[in-house]
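Engineer: Chains A and B supply the protein sequences, listed in that same order. Using our numbering, read the first sequence as starting at 1 and increasing by one per residue. Using our numbering, read the second sequence as starting at 368 and increasing by one per residue. The structure follows.
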Amino acid sequence: MTDAPNTNAPRPAAGRAGTRRELPEHFKAYKHVWVAVECEHGIVHPVSLELLGEGRKLADKRGVELAGVVLAGDELTAATTAAAAFEHGADLVYTVTDPILAHYRNETYTRALTDLVNTHKPEILLLGATNLGRDLAGSVATTLQTGLTADCTELAIDDEGSLAATRPTFGGSLLCTILTLNYRPQMATVRPRVMSLPPREPGRWGRIVEQPLALAEEDVVTKVLRFIADRESDKAQLAYADIVVAGGLGLRSAENFQLVRALAEVLGGDYGGSRPLVQKGWITADRQIGQTGKTIRPKLYIAAGISGAIQHRVGVEGADTIVAINTDPNAPIFEFAHLGVVADAIELLPALTRAFQAHLSVNRLAG
Amino acid sequence: MHIVVCMKQVPDSAQIRVHPVTNTIMRQGVPTIINPYDLFALEEALRLRDRLGGEVTVLTMGPPMAEESLRKALTFGADRAVLLTDRAFAGSDTLATSFALAAALAKIGQEFGPVPIVFTGKQTIDGDTAQVGPGIAKRLGLNQLTYVARIADLDPDAGTITVERRAEGGLQVLSTRLPVLITMLEGVNEMRRGSLDDAYRAARAQVVRWSAADAGITELARCGLKGSPTIVKKVFAPQARAEKVQQVPTADRGTDELAVDVMAAIFRTRPTVEEDLLRFAAGQ
Chain A
1 MTDAPNTNAP
11 RPAAGRAGTR
21 RELPEHFKAY
31 KHVWVAVECE
41 HGIVHPVSLE
51 LLGEGRKLAD
61 KRGVELAGVV
71 LAGDELTAAT
81 TAAAAFEHGA
91 DLVYTVTDPI
101 LAHYRNETYT
111 RALTDLVNTH
121 KPEILLLGAT
131 NLGRDLAGSV
141 ATTLQTGLTA
151 DCTELAIDDE
161 GSLAATRPTF
171 GGSLLCTILT
181 LNYRPQMATV
191 RPRVMSLPPR
201 EPGRWGRIVE
211 QPLALAEEDV
221 VTKVLRFIAD
231 RESDKAQLAY
241 ADIVVAGGLG
251 LRSAENFQLV
261 RALAEVLGGD
271 YGGSRPLVQK
281 GWITADRQIG
291 QTGKTIRPKL
301 YIAAGISGAI
311 QHRVGVEGAD
321 TIVAINTDPN
331 APIFEFAHLG
341 VVADAIELLP
351 ALTRAFQAHL
361 SVNRLAG
Chain B
368 MHIVVCMKQV
378 PDSAQIRVHP
388 VTNTIMRQGV
398 PTIINPYDLF
408 ALEEALRLRD
418 RLGGEVTVLT
428 MGPPMAEESL
438 RKALTFGADR
448 AVLLTDRAFA
458 GSDTLATSFA
468 LAAALAKIGQ
478 EFGPVPIVFT
488 GKQTIDGDTA
498 QVGPGIAKRL
508 GLNQLTYVAR
518 IADLDPDAGT
528 ITVERRAEGG
538 LQVLSTRLPV
548 LITMLEGVNE
558 MRRGSLDDAY
568 RAARAQVVRW
578 SAADAGITEL
588 ARCGLKGSPT
598 IVKKVFAPQA
608 RAEKVQQVPT
618 ADRGTDELAV
628 DVMAAIFRTR
638 PTVEEDLLRF
648 AAGQ
């Protein structure tokens, strides 16, 4: 194993965790905020740009630079990804460009990122909580023997200059703020759509620092045989939809879920559901909205027959307007919805579909 | 083939309530379950064993009561259960947890035979970090396959495995060498009902119980709170939103009238939504 954990790394003297505030000497050189910029299949993942926006704030607060980290298989991907990073707030970009990195593999990406960290020593390293980001972050943190906080909903610099990472716990019932005091870098992942996208500044540019990857394809054990792209119909873009209609157990049957899809279609939006619906098999897991599913930030969110357990609340709080339809006036969803309707979703959904359809067609003709 | 499944006993988070005054979790009366994601891992392991022979060991780290979950796994058909339990593990974050579990896995390999495949769920429903699996893989030098949707091919003699792994926009078909750690995606199989024989066997089975020392862990400073680089600074309840819900009156309204009222209320609350919808309708 080329990158087994470095168990010989100097470790802080054992003490009760959290009681020591003096950073061990060898960590004092760690500076700057880094964001790993994800670019699978030549497309920069929006979560990376959202993170650059957040990273910018942290870097400014610390008075340090913000760097994007780009691991790419070819020069073109590296260049376009670096450009996106600069336009979204990075001062500099570290690139590792090697055909070995064309497709994500844990081995190669872990090696490239840990080498970069050990060479250039960031104090904060942020990754998107995507499948790629979580796979990579866990390995890198273990290799570097440092702290990693998953799925943060808020990042801040505390009074003593540490990264204070806040995340939901117990399925979203509570929030907790987590520090990594005596280890560097301080690592965190953030899910797509939790942070807002910073405005793009066209033409903004910065320094590029290239680093070679000392790894030959023959030495990489895992091989990517092929990639089966999702069919267009399978691609749920739920996290980025402007309008989302979702259903819960109040719909009473899998057949009634069709009512949700019909309204979503008329509104040009996407559809999803609460966790119990996935457990019952009414919808697939990629349609689940909530703490263990997708976080959404639509302009309009219509929740039909969803009681609004905290697990669900965490996933939809970023919506501009939340409309709740539920027969139970005491359902928790009415505590965080903007508009509440105490009604049976099974009756109201088709009526809403008709109302929107009529309104939109009349006004389209008028226009 | 000897397969180990790492599981966790978790509170059923759907049933957790927060105390309204103290903002603490009310655990009393909340049932514990096997982390639902781990069941997909267990079922996949059992299927491989049924096809190729060998045995399945389930491993968990937790308080003594976590034995319940292991016993449940035995009723599903697991062959052996190991409970790693010690006060030294209390307060472990994911790094400290993967340290202890990796040590226990190494010990399982010595005691009960080499382990070419370790399975676990993609994440737990209480921590939701998805970090422990990758942590174990890295510590033991196992090849890591996360979010696996399907095991396409496994050749124990050649020591190779091919899987389909969920990635952004599609499935990666990956091949690698054993030993591996696999985290299974949800919904990829359905947990079997255990047989009567399994239930009978589980009731009488001895759950192997290991302390830190039993698992060969000498560096206690790397366990529990001491071995955890992350520390919890504070725990608090999400803030209630200042903006109050606006109720759409429903009395004396037919469903169609109500729907029109709701639509009008949406447009009043956020006029930009109407503009967006009309733009969308015009583009159709």
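Backbone N, C-alpha and C fix where the C-beta goes; we use that ideal spot for every residue, glycine too.
Give the residues of chain A in contact with B:P501, contact being defined as C-beta atoms less than 7 angstroms apart.
Structural biologist: The residue you call residue 501 of chain B lines up with position 134 of the second sequence. Those within 7 angstroms of B:P501 in chain A are D135, G138, S139 and T142.
Engineer: Can you say whether B:Y344 is buried or exposed, counting buried as having 16 or more other CB atoms within 10 angstroms of its CB?
Structural biologist: No answer is possible for residue 344 of chain B: it lies beyond the span of chain B, which begins at 368 and ends at 651.
Engineer: Mind listing the chain A neighbours of B:G554? Cutoff is C-beta to C-beta under 9 angstroms, in chain order.
Structural biologist: Here residue 554 of chain B refers to the residue found at position 187 when the second sequence is read from its first residue. Chain A residues near B:G554: V278, G281, T284 and A285.
Engineer: Any idea what DSSP makes of A:H338, helix, strand or coil?
Structural biologist: Position 338 of the first sequence, counting from 1, holds the residue named residue 338 of chain A. Three-state result, A:H338: coil.
Engineer: If I follow the unbroken beta strand (DSSP E) through A:A67, where does it start and stop?
Structural biologist: Numbered from its first residue, the first sequence carries residue 67 of chain A at position 67. Note, A:A67: beta strand (DSSP E), L66 to A72.
Engineer: In the structure shown, what three-state DSSP assignment does B:D520 receive?
Structural biologist: For the purposes of this step, residue 520 of chain B is identified with residue 153 of the second sequence, where counting begins at 1. In this structure, B:D520 counts as strand in the three-state DSSP scheme.
Engineer: Is there a C-beta anywhere in chain B that falls below 9 angstroms from the one on A:F334?
Structural biologist: Position 334 of the first sequence, counting from 1, holds the residue named residue 334 of chain A. Yes, because at least one Cβ of chain B sits closer than 9 angstroms to the Cβ of A:F334.
Engineer: Can you tell me where the beta strand (DSSP E) holding B:R576 begins and where it ends?
Structural biologist: Position 209 of the second sequence, counted from the start, is the residue given in the question as residue 576 of chain B. Counted as a single uninterrupted DSSP element, the beta strand (DSSP E) harbouring B:R576 occupies residues V575 to W577.
Engineer: Can you pull the chain B neighbours of A:A337, defined as C-beta to C-beta under 8 angstroms?
Structural biologist: Residue numbering aside, residue 337 of chain A sits at position 337 when the first sequence is read from its first letter. Within 8 angstroms Cβ-Cβ: V612.
Engineer: Mapping the DSSP letters down to three states, classify A:S162 as helix, strand or coil.
Structural biologist: For this step, residue 162 of chain A is matched to residue 162 along the first sequence. Coil at A:S162, not helix or strand.
Engineer: Taking DSSP as the reference, what is the three-state secondary structure of A:T77?
Structural biologist: As a working mapping, residue 77 of chain A is identified with position 77 in the first sequence. Looking at A:T77 - three-state DSSP - the assignment turns out to be helix.
Engineer: When you compare the CB positions of B:P523 and B:L409, do they come within less than 9 angstroms of one another, or not?
Structural biologist: Along the second sequence, one-based indexing puts residue 523 of chain B at 156. Along the second sequence, one-based indexing puts residue 409 of chain B at 42. Not in contact: B:P523 and B:L409 (Cβ atoms no closer than 9 angstroms).
Engineer: Taking all protein chains shown into account, do 16 or more other C-beta atoms lie within 10 angstroms of the C-beta of A:Q145, making it buried, or fewer, making it exposed?
Structural biologist: Numbered from its first residue, the first sequence carries residue 145 of chain A at position 145. Its Cβ being crowded by 16 or more others within 10 Å, A:Q145 is buried.
Engineer: In terms of DSSP beta bridges, what is B:H369 paired with?
Structural biologist: Your numbering for residue 369 of chain B matches position 2 in the second sequence. B:E422, per the DSSP bridge assignment.
Engineer: Please name the residue, chosen from B:D643, B:T639 and B:T622, that lies closest to A:P350 on a Cα-to-Cα basis.
Structural biologist: Counted from its first residue, the first sequence places residue 350 of chain A at position 350. Ranking B:D643, B:T639 and B:T622 by Cα distance to A:P350 puts B:T622 first.
Engineer: Cβ atoms of A:A246 and B:L625: under 9 angstroms apart, would you say?
Structural biologist: Position 258 of the second sequence, counted from the start, is the residue given in the question as residue 625 of chain B. Position 246 of the first sequence, counted from the start, is the residue given in the question as residue 246 of chain A. Result no, Cβ atoms of B:L625 and A:A246 do not sit closer than 9 angstroms.
Engineer: Using beta carbons (cut-off 9 angstroms, strictly below), is A:S173 in contact with chain B?
Structural biologist: What you label residue 173 of chain A is simply residue 173 of the first sequence in a count that begins at 1. For A:S173, the answer is yes, since a Cβ of chain B falls inside 9 angstroms of its Cβ.
Engineer: With 16 other CB atoms within 10 Å as the buried threshold, where does A:G89 fall?
Structural biologist: Here residue 89 of chain A corresponds to residue number 89 of the first sequence, with the count starting at 1. Burial call: buried.
Engineer: For chain A, is any of its Cβ atoms less than 9 angstroms away from the one on B:D581?
Structural biologist: Translated into the one-based positions of the second sequence, residue 581 of chain B becomes position 214. For B:D581, the answer is no, since every Cβ of chain A falls outside 9 angstroms of its Cβ.
Engineer: Would B:S459 pass as a contact of B:C590 if the rule is Cβ separation under 9 angstroms?
Structural biologist: What you label residue 459 of chain B is simply residue 92 of the second sequence in a count that begins at 1. What you label residue 590 of chain B is simply residue 223 of the second sequence in a count that begins at 1. Cβ atoms of B:S459 and B:C590: closer than 9 angstroms.
Engineer: Can you give me the C-alpha to C-alpha distance between A:Y30 and A:D91, rounded to a whole angstrom?
Structural biologist: Counted from its first residue, the first sequence places residue 30 of chain A at position 30. Counted from its first residue, the first sequence places residue 91 of chain A at position 91. If you take the alpha carbons of A:Y30 and A:D91, they lie about 17 angstroms apart.
Engineer: Please name the residue in B:T527, B:Y514 and B:T617 whose C-alpha comes closest to that of B:A497.
Structural biologist: Taking the first residue of the second sequence as position 1, residue 497 of chain B is located at position 130. Per the Cα distances, B:Y514.
Engineer: Which ranges would you report for the beta strand (DSSP E) in the segment 478-557 of chain B if only whole runs of at least 3 residues count?
Structural biologist: 484-488, 510-522, 527-534, 537-544 and 547-551
Engineer: Can the beta-carbon of A:Y109 be found closer than 9 angstroms to that of A:G147?
Structural biologist: Residue 109 of chain A sits at position 109 when you count from the first residue of the first sequence. Residue 147 of chain A sits at position 147 when you count from the first residue of the first sequence. No, the pair does not count as a contact, with Cβ atoms beyond the cut-off.
Engineer: Please determine if the segment 625-636 of chain B and the segment 489-503 of chain B are in contact, where contact requires at least 3 C-beta pairs separated by less than 8 angstroms.
Structural biologist: Flag = no, the segment 625-636 of chain B and the segment 489-503 of chain B do not touch.
Engineer: Compare the C-beta of B:K439 with all C-beta atoms of chain A and state if any pair is closer than 9 angstroms.
Structural biologist: Residue mapping note: residue 439 of chain B aligns to position 72 of the second sequence, counting from 1. It does not; no Cβ of chain A falls within 9 angstroms.
Engineer: For A:F356, count the other beta carbons within 10 Å of its own beta carbon; 16 or more makes it buried, fewer makes it exposed. Which is it?
Structural biologist: Position 356 of the first sequence, counted from the first residue, corresponds to residue 356 of chain A. A:F356 is classed as buried because its beta carbon has at least 16 other beta carbons within 10 Å across all chains shown.
Engineer: With a threshold of 16 other CB atoms inside 10 Å of the CB of B:K439, please say whether the residue is buried or exposed.
Structural biologist: Here residue 439 of chain B refers to the residue found at position 72 when the second sequence is read from its first residue. B:K439 comes out buried.
Engineer: Below 8 angstroms CB to CB, which residues in the same chain sit around A:E75 once its five sequence neighbours on both sides are set aside?
Structural biologist: Sequence index remark: in the first sequence, residue 75 of chain A carries index 75 (1-based). Here the set comprises T97.
Engineer: Could you please tell me which residues of the segment 512-527 of chain B, in chain order, have their CB closer than 7 angstroms to any CB of chain A?
Structural biologist: T513 and Y514
Engineer: Which ranges does the alpha helix (DSSP H) cover as unbroken runs of at least 4 residues, wholly within the segment 617-642 of chain B, from first to last along the chain?
Structural biologist: 622-636
Engineer: Over what stretch of residues does the alpha helix (DSSP H) that includes A:P46 continue unbroken?
Structural biologist: Translated into positions along the first sequence, residue 46 of chain A becomes position 46. It spans P46 to R62 - the alpha helix (DSSP H) in which A:P46 sits, taken as one unbroken run.
Engineer: Beta-carbon separation of A:A394 and A:I322 under 9 angstroms?
Structural biologist: Here chain A comprises residues numbered 1 to 367, so residue 394 of chain A is not present and cannot be evaluated.
Engineer: Taking only beta-carbon positions, decide if A:S48 is within less than 9 angstroms of chain B.
Structural biologist: Counted from its first residue, the first sequence places residue 48 of chain A at position 48. No, no contact with chain B.
Engineer: Mind checking which residues open and close the beta strand (DSSP E) that includes A:T149?
Structural biologist: As a position in the first sequence, residue 149 of chain A is number 149, starting the count at 1. Element bounds for A:T149: L148 to C152.
Engineer: Measuring only from the beta carbon, is A:S162 closer than 8 angstroms to any heavy atom that is part of the ligand GTP?
Structural biologist: The ligand GTP is not among the ligands present in this structure, which contains no ligands whatsoever.
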